[in-house]
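Engineer: Questions regarding the structure given below will be posed in turn.
Number of protein chains: 2
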Amino acid sequence: MKQFAVIGKDINRNDAEAKARGQALYTDDLKLPGMLYGSILRSPLAHARIAHIDVSRASALNGVRCVVTGEDIPKVKYGNWRLFPDTQDEYALAVEKVRFIGDEVAAVAATDRDTAQEALSLIRVEYKELPAVFDVEAASQPGAPVLHDYCPSNVSVNRKIQYGDIEKGFAESDYIREDEFNVHAVSHAYLEPCSALAQLDQDGRITLWSSTQVPYIVQCLLASTLGMRENDIRVIKPFVGGGFGGKMELRTWEFCAAFMARKTGRPVKFTLSREEEFLTGRRRHPMKIRSRVGFKKDGTLVAKDLRIKLDGGAYNAMGPTATFLCGNFGAMLYRYPNYRFHGEHVYTNKPPASAMRGFGAPQSLYATETQMNIAAQELGMDPVELRLKNAQVSGDKIPDVATISSCGFIDSIKKVAQMSNWKKKRKSLKPGQGLGIGCYSFISGGVFNWFNTTYPFSAAEIRAFADGTVHLLTMTADIGQGSDTALKQILAEELGLRMEDIRITSGDTAMTPQADLGSWGSRVTLMGGNAVLDAARKIKAQLFGAVSARFNMNVIYELECKGGRVQAKGRPDKGVSFGEAVAMVQRANRGEPIVARGSYTPRDKGLVTPAFGFGAQVAEVEVDQETGIVQVKKMWTAHDCGTVINPKGVEGQLCGSIQMGLGYALCEQFVMDGGKTLNTNFLDYKMATAVDMPPGDVAHVETYEPEGPMGAKECGEGLASPTAPAISDAVFNATGYRCTDLPITPEKILKGMKRGFI
Amino acid sequence: MKQFAVIGKDINRNDAEAKARGQALYTDDLKLPGMLYGSILRSPLAHARIAHIDVSRASALNGVRCVVTGEDIPKVKYGNWRLFPDTQDEYALAVEKVRFIGDEVAAVAATDRDTAQEALSLIRVEYKELPAVFDVEAASQPGAPVLHDYCPSNVSVNRKIQYGDIEKGFAESDYIREDEFNVHAVSHAYLEPCSALAQLDQDGRITLWSSTQVPYIVQCLLASTLGMRENDIRVIKPFVGGGFGGKMELRTWEFCAAFMARKTGRPVKFTLSREEEFLTGRRRHPMKIRSRVGFKKDGTLVAKDLRIKLDGGAYNAMGPTATFLCGNFGAMLYRYPNYRFHGEHVYTNKPPASAMRGFGAPQSLYATETQMNIAAQELGMDPVELRLKNAQVSGDKIPDVATISSCGFIDSIKKVAQMSNWKKKRKSLKPGQGLGIGCYSFISGGVFNWFNTTYPFSAAEIRAFADGTVHLLTMTADIGQGSDTALKQILAEELGLRMEDIRITSGDTAMTPQADLGSWGSRVTLMGGNAVLDAARKIKAQLFGAVSARFNMNVIYELECKGGRVQAKGRPDKGVSFGEAVAMVQRANRGEPIVARGSYTPRDKGLVTPAFGFGAQVAEVEVDQETGIVQVKKMWTAHDCGTVINPKGVEGQLCGSIQMGLGYALCEQFVMDGGKTLNTNFLDYKMATAVDMPPGDVAHVETYEPEGPMGAKECGEGLASPTAPAISDAVFNATGYRCTDLPITPEKILKGMKRGFI
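From first to last, the protein sequence lines stand for chains A and B.
Numbering-wise, the numbering used here puts 443 at position 426 of the first sequence, and it's gapless, one number per residue.
Numbering-wise, the numbering used here puts 202 at position 185 of the second sequence, and it's gapless, one number per residue.
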């Protein structure tokens with residue numbers, strides 16, 4: 018494998034010091050002269066018709082500068098799936114109807130936050146309450162309350178995948194297992210609440226600073242909802258305190274900030290409270306999953322029939338993608354010669370679910386992996402062996418959907434079994450102790466252009482200077498995941514430079530090259546990285562030409578950028594420093610600076626992704642027999658993210674994933690009363706904290722992904738999936754309680770421990 | 018002449034509304050978390066050796082975070098004339114010596130302004146006073162106190178120009194006139210005092226926001242003084258409240274802000290007080306001008322011998338350029354077959370003089386024009402006739418220095434005579450009333466690369482979008498003169514777009530294309546404009562190709578961008594909208610956005626400038642016999658700035674020039690006691706105010722400058738020159754007092770009215 022100088026080294030994240038020093042400016046830190054503070058009035062009802070809104074008292078309040086309702090705004094629906102305009106079902110403020118508790122009804126901008134809050138209390142809304150529905154089964158029955166007139170069935174998206182012959186597959190199966198799994202909603206719980214600040218600039222344009230994962234998407238959708246031209250909107254992503262999928266759409270406050278800035282001529286800022294975030298924020302899709310799997314006696318998989326109903330809440334949001342993907346994830350990890358999937362995205366009168374770390378995988382794979390563990394038990398096989406027997410390998414196809422390229426899945430399973438001393442340890446467990454396994458596969462960005470962009474999926478511009486530095490410009494959005502750092506590493510490696518030689522500007526739609534689809538689906542390292550490489554190679558070609566000419570090199574010589582030099586390969590004597598080479602090209606171009614643009618758009622990569630990551634995880638738990646409390650003693654993880662760009666960064670992703678996985682498995686949940694979320698703060702919404710984190714061992718099972726930059730692929734989201742099934746299996750092995758409805762609470766364990774401790 | 022759609026139309030300045038609304042953020046408006054406030058300790062002595070500095074008490078003061086002196090900083094001298102490093106004579110903080118009252122000795126950064134001020138008072142500096150010299154004659158005598166060891170003569174720059182045979186010329190002259198003129202220092206008096214804010218960014222780089230005319234120059238010089246790489250410095254020019262030449266160098270506070278931000282890790286901001294600005298700020302060069310001119314009997318000029326001593330103050334600053342230019346301006350306006358110039362830039366123990374609107378012309382042309390008026394009187398000719406007889410015309414050369422291309426000088430003289438009813442009015446004046454004339458020529462940017470840049474002199478990048486908008490990026494610096502507006506007009510015209518279709522980003526060294534030398538010497542419209550045109554033509558070529566192909570056009574067809582369309586010339590049916598054409602190109606490039614870069618570097622244009630502006634001005638005055646107070650009744654101006662890009666903008670420049678010209682002629686002066694400036698506020702430093710402004714008529718004598726964008730050339734500085742000689746001549750005609758030492762104060766008039774009113 019290639020020897021790298023920068024890739025594979027532990028690098029501190031680009032934003033680490035500024036964040037640690039308190040110098041990083043998040044959106045809410047920004048203040049502009051004459052700035053107004055916005056607040057949003059939200060529906061107290063889960064389903065109602067708006068009969069009348071009276072804003073007169075609010076408008077008259079001293080300090081209030083602007084009040085808007087759905088009546089005042091352009092009636093333009095938006096949504097990320099621009100390729101299918103029918104899926105765009107949301108107005109920035111409710112028009113005629115509200116569909117969930119928290120639905121945005123009106124917005125106020127005032128000279129201070131308190132006045133804005135007070136004004137909200139002065140708005141009188143007359144509602145005509147409608148019957149509401151909170152359950153996917155009920156919502157998809159005939160006669161159920163209808164949320165959207167355009168969609169009388171409440172099923173807004175249907176997605177089917179089928180290959181092989183499912184009936185024949187089951188007919189040929191020796192052992193068939195069918196289960197229903199109910200997986201629940203959890204919160205992104207990013208530390209920085211959503212915030213947006215809009216300013217009307219001197220030309221009537223709008224600049225929007227927003228805590229977003231998708232500057233380009235916000236730019237485009239904001240333009241269409243405001244009836245402005247895309248490039249009259251500039252979206253800047255300041256430092257962002259996490260997103261996890263919860264900040265990847267145009268949102269009401271972004272629209273209202275811009276709309277009200279235009280209306281008042283003054284900057285307007287909205288920042289959500291934590292209560293608003295929990296009460297009304299996007300969340301991971303709850304899903305009702307019915308999975309039927311057929312095996313041969315020897316454990317060979319023959320067929321899988323997967324039906325998933327996604328509880329989408331009141332609007333589509335990123336639900337179409339989740340619907341699309343959970344069926345694809347259902348076909349991953351193992352070879353299913355005969356496969357059928359039917360996914361339905363169902364409206365209910367709850368806060369919309371949307372993208373969240375894993376994007377359909379944690380739900381779908383909880384079912385897959387738990388069912389594999391059940392099957393192994395019933396077939397009398399070791400779960401590791403059963404997996405190894407069926408594991409996907411490089412070259413495997415999901416017909417018409419994807420081909421698996423690099424694949425370290427089998428090695429990951431073997432490695433995690435070895436690390437955890439799987440066989441031996443399983444046998445030596447005491448009552449109340451359990452060991453369990455879970456696996457995952459995940460995408461490195463999506464290839465299906467649902468946003469219908471006319472630009473490359475990722476783009477990069479590189480400016481090279483005679484002082485030996487380069488400036489990398491890209492619209493990618495570092496939201497704390499470390500993408501700026503990874504892209505700098507890729508560029509440093511390719512140009513033979515050091516990290517400190519690179520300035521990066523990212524996430525500004527006016528200043529960086531069109532376009533980048535944003536930070537989601539673990540796409541940035543691969544797609545942004547490929548765009549960087551494309552641009553870097555154009556820079557290199559120019560430098561190589563100049564150095565070749567200077568040293569009168571034989572045309573067959575290979576050149577390299579290495580150690581800050583541009584030289585004949587392995588011949589530092591036949592070369593100059595990077596800066597000198599730049600100066601040579603610049604002089605030859607009569608002073609013109611060296612600039613190159615590059616881009617990446619996946620082509621001929623099926624419908625899902627250019628590359629899949631894989632991995633396996635083993636959890637060891639101890640369950641208290643009296644309280645049912647689960648203590649995770651240790652986690653072992655082996656995963657294949659292709660080439661590891663930044664070990665420290667991968668470790669960060671891994672720790673974060675385990676923290677989220679623990680919460681998903683054991684403690685996080687929205688406590689709902691009908692459509693009302695009851696736990697709206699960090700005390701009542703229980704997340705795993707630092708002291709809950711188990712120790713762990715990790716192995717990077719490196720492969721080389723041909724489609725990825727320097728062989729890299731995803732590492733940020735796949736690991737969100739295996740933790741819950743691994744813990745669930747461990748709990749089963751400890752207690753006999755097999756969880757099919759997350760989370761695995763002490764109550765459920767105590768109730769489910771039919772046999773007592775094994 | 019070509020019909021324009023946008024050029025020649027009155028356009029509101031790009032920054033007007035933001036400034037009027039109070040939404041424009043100037044450097045001092047910027048605040049960053051943890052920001053420190055800087056203050057500068059200045060020398061109370063005009064010339065002294067620094068024996069010792071004790072900063073211990075200042076450093077110990079609560080709230081003080083950093084104290085630096087000349088001992089702490091890298092010993093790197095700087096100055097704008099990088100091509101001749103010997104001219105770089107300044108340290109950011111005094112090293113070993115102070116050379117004028119106000120010379121920067123130390124800097125403090127503290128948590129608030131008051132603490133920083135208090136800390137200054139705690140710094141103990143032990144000086145050994147040296148003899149000082151305040152006069153150019155005294156300073157250039159042998160044995161005079163020496164300011165800089167490297168320059169024992171105190172004459173830091175010598176500039177000679179000679180062509181023809183000066184001795185022969187005078188021998189052939191029928192009438193020879195020799196005069197000495199003493200012109201004085203005046204202040205730029207920009208409304209926004211200098212301010213700089215530096216931040217250490219996450220990669221150890223520096224971002225500097227500064228009220229500057231020259232972001233690129235500050236970037237480069239800051240890098241060299243800090244020992245950093247150029248591109249590790251980013252200079253951003255926020256809104257700027259005027260410069261007039263006073264903000265075109267790296268200055269102490271810019272260095273200290275950056276140096277102290279690096280040292281403390283915290284943002285540091287310096288903002289000068291008005292008192293500091295007046296006490297120590299740059300100013301227009303005082304000059305001692307000896308001019309000897311020879312004429313034939315009929316008024317034909319034969320020879321001119323010009324000697325100028327520039328009072329440079331303590332450092333070179335932009336003095337070398339002023340020395341260079343005042344000799345060139347001496348050779349302008351009229352045809353001197355035999356010409357000799359010797360300019361000397363002399364150090365004195367006063368605040369450094371530097372560039373100021375006109376850059377050597379107001380001084381040099383005050384002598385030229387006053388002497389022309391004297392000669393006309395003595396030769397018994399009408400001053401207008403004498404000028405017409407000798408006026409330069411298109412094609413005239415200053416040997417080895419410049420060729421005059423477009424030239425509306427004669428037309429300007431004729432026009433201003435006609436407008437002011439010159440002949441008739443001169444005869445009808447009552448005692449105490451006077452009419453006088455002054456003329457000018459000025460450069461449209463310099464071609465002599467004293468900054469030794471390796472980049473084009475101006476550059477532009479244009480990004481074109483399918484929504485019909487374009488984004489123009491340029492490093493040019495709009496400091497209130499309206500250059501952003503002019504560049505947008507040029508682009509709008511060339512691409513057939515409207516002003517609102519164009520976004521401009523300017524004056525940011527990291528984000529805009531390398532490079533632009535800044536706003537000085539009336540260079541931006543011509544040089545920046547040419548760079549914009551160069552880029553725009555590359556955009557057009559792509560659009561034309563796509564539209565040609567779409568309509569299957571005969572290859573001989575000409576196409577045009579007009580009225581928002583790209584079409585066969587004059588055939589709107591054979592074309593598409595601008596945005597559609599962009600989309601066509603973009604699709605053909607598989608989504609890649611359209612981007613083009615352009616640049617301009619003057620070549621083969623001699624040593625001075627690519628193009629000269631010309632004009633003439635007539636002033637009518639009334640002088641009170643008892644008080645000597647001059648009232649300017651009216652001004653008539655006819656000028657040739659090539660194509661008028663923005664009449665409103667030109668009018669703004671004209672009004673500003675007259676306001677400054679009035680002050681230069683009549684009231685502005687630094688009252689000095691040795692090296693100490695005594696009038697350090699707007700009450701004591703007397704500028705013309707709105708109520709002092711005379712009514713006026715203006716004629717744009719349009720020519721078409723082949724080297725200028727759409728035929729345009731300078732309009733911002735030339736008009737700073739004619740006002741003083743015109744008023745001076747009018748005062749002479751009203752009172753018999755001929756002023757040879759500006760300003761024309763009532764005292765001088767009363768003293769000089771030898772004959773009483775004529």
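Even for Gly, the Cβ is constructed at its ideal location relative to N, Cα and C.
Remember, it's a predicted structure, so these values are computed and weren't measured experimentally.
Please list the partners that A:His488 has in chain B, where partner means a Cβ-to-Cβ separation under 8 Å.
Structural biologist: Going along chain B in sequence order, the residues near A:His488 (Cβ under 8 Å) are Asn248, Ala527.
Engineer: Quick check: the Cα distance between A:Ile775 and A:Glu639, rounded to an integer number of angstroms?
Structural biologist: Low local confidence applies: a pLDDT of 47 at A:Ile775 is under 50, so the model's placement there is unreliable, and no value is given.
Engineer: Could you tell me which of A:Asp518, A:Ala737, A:Pro368 sits nearest to A:Phe151, measuring between CA atoms?
Structural biologist: Measuring from the Cα of A:Phe151, the nearest candidate turns out to be A:Pro368.
Engineer: Tell me the DSSP secondary structure of B:Pro763 in three-state form.
Structural biologist: Helix.
Engineer: CA-CA distance, A:Asp758 and A:Gly680?
Structural biologist: Approximately 14 Å, taken between the alpha carbons.
Engineer: Output needed in chain order: residues of the segment 717-728 of chain A with a Cβ under 9 Å from some Cβ in chain B.
Structural biologist: Hits within the stretch: zero.
Engineer: Are three or more beta carbon pairs between the segment 321-341 of chain A and the segment 150-169 of chain A nearer than 8 Å?
Structural biologist: The segment 321-341 of chain A is in contact with the segment 150-169 of chain A.
Engineer: If you run the structure through DSSP and keep just helix, strand and coil, what is B:Met689?
Structural biologist: Strand, per DSSP.
Engineer: Taking Cβ-Cβ distances below 9 Å as the criterion, which residues of the segment 470-489 of chain B are in contact with chain A?
Structural biologist: Of all residues in the segment 470-489 of chain B, Thr470, Thr471, Tyr472, Pro473, Phe474, Ala476, Glu478, Arg480, Phe482, Ala483, Asp484, Gly485, Thr486, Val487, His488 have a Cβ within less than 9 Å of some Cβ in chain A.
Engineer: Please report the distance separating the alpha-carbon of B:Met398 from that of B:Arg404.
Structural biologist: Between B:Met398 and B:Arg404, the C-alpha separation is close to 10 Å.
Engineer: With a 10 Å radius around its C-beta and 16 neighbouring C-beta atoms as the bar for buried, classify A:Tyr332 as buried or exposed.
Structural biologist: Buried is the call here.
Engineer: What separation, rounded to the nearest whole angstrom, lies between the Cα atoms of A:Leu446 and A:Ala392?
Structural biologist: Cα to Cα, A:Leu446 sits roughly 21 Å from A:Ala392.
Engineer: Could you check the C-alpha separation between A:Gly562 and A:Glu478 for me, to the nearest Å?
Structural biologist: Those two C-alpha atoms are separated by around 20 Å.
Engineer: Check whether the Cβ of A:Asp495 lies closer than 8 Å to any Cβ atom in chain B.
Structural biologist: No, A:Asp495 does not count as interfacial toward chain B.
Engineer: What does A:Ala35 reach in chain B if we use C-beta pairs closer than 9 Å?
Structural biologist: Residues of chain B passing the Cβ test: Asp218, Gln219.
Engineer: What are the residues of the segment 42-75 of chain A that lie near chain B, defined by any Cβ-Cβ distance shorter than 9 Å?
Structural biologist: Those residues of the segment 42-75 of chain A that come within reach of chain B (Cβ to Cβ, closer than 9 Å) are Leu42, Asp46, Lys48, Leu49, Pro50, Gly51.
Engineer: Evaluate B:Thr471 with the Cβ neighbour count: other Cβ atoms within 10 Å of its Cβ, from every protein chain shown; 16 or more gives buried, anything less gives exposed.
Structural biologist: So B:Thr471 ends up on the exposed side.
Engineer: By the criterion of Cβ-Cβ separation under 9 Å, what are the contact partners of A:Thr224 in chain B?
Structural biologist: In chain order: nothing, as chain B lies at least about 10 Å away.
Engineer: Does B:Ser616 get closer than 8 Å to chain A when you measure Cβ to Cβ?
Structural biologist: Chain A contact via Cβ: present.
Engineer: B:Pro148 and B:His64 - do their beta-carbons sit closer together than 8 Å?
Structural biologist: Contact flag set, yes.
Engineer: What does DSSP give as the partner residues of A:Ala532 in its beta bridges?
Structural biologist: None; A:Ala532 has no bridge partner.
Engineer: Compute the Euclidean distance between the alpha carbons of B:Glu575 and A:Glu609, then round it to the nearest angstrom.
Structural biologist: For B:Glu575 and A:Glu609, the distance between alpha carbons rounds to 30 Å.
Engineer: Can you check the segment 594-627 of chain B for any alpha helix (DSSP H) of at least 4 residues that lies completely inside it and give the ranges in chain order?
Structural biologist: Within the segment 594-627 of chain B, the complete alpha helix (DSSP H) runs of at least 4 residues are 595-605.
Engineer: Name the residues in the segment 589-623 of chain A whose C-beta lies less than 8 Å from a C-beta of chain B; which are they?
Structural biologist: Answer in chain order: Ala600, Gln603, Arg604, Arg607, Gly608, Glu609, Pro610, Val612, Arg614, Ser616, Thr618.
Engineer: Count the other CB atoms within 10 Å of the CB of A:Leu700; is the residue buried (16 or more) or exposed (fewer)?
Structural biologist: Answer is exposed; the Cβ neighbour count stays below 16.
Engineer: For B:Arg30, count neighbouring Cβ atoms within 10 angstroms of its own Cβ and tell me buried if that reaches 16, exposed if not.
Structural biologist: Per the 10 Å Cβ criterion, buried.
Engineer: Give the range of the alpha helix (DSSP H) segment to which A:Cys343 is assigned.
Structural biologist: Run containing A:Cys343: 336-347, per the alpha helix (DSSP H) assignment.
Engineer: Is there a Cβ from chain A that is less than 8 Å from the Cβ of B:Glu517?
Structural biologist: Chain A contact via Cβ: present.
Engineer: Can you look up A:Pro589 in the DSSP assignment and give me helix, strand or coil?
Structural biologist: A:Pro589: strand per DSSP, three-state reduction.
Engineer: Pull up the distance between the alpha-carbon of B:Tyr412 and that of B:Glu402, whole angstroms please.
Structural biologist: Strictly speaking, residue 412 of chain B in this sequence is Gly, with Tyr absent from that position. Distance between the alpha carbons of B:Gly412 and B:Glu402 is about 21 Å.
Engineer: Return helix, strand or coil for B:Cys273, following the three-state DSSP convention.
Structural biologist: Correct three-state label for B:Cys273: helix.
Engineer: If the cut is a Cβ gap below 7 Å, which residues of chain B does A:Lys530 touch?
Structural biologist: Note that residue 530 of chain A corresponds to Pro in the displayed sequence, not to Lys. Those are Pro610, listed as they occur along chain B.
Engineer: Per DSSP, what kind of secondary structure is A:Asn355 in: helix, strand or coil?
Structural biologist: It is a strand residue.
Engineer: Distance, Cα to Cα, A:Phe631 vs A:Glu189?
Structural biologist: A:Phe631 and A:Glu189: Cα-Cα distance of roughly 29 Å.
Engineer: Cutting at 6 Å between CB atoms, please list the residues of its own chain near B:Lys114, excluding the five before and the five after it.
Structural biologist: Only Arg66 meet the Cβ criterion.
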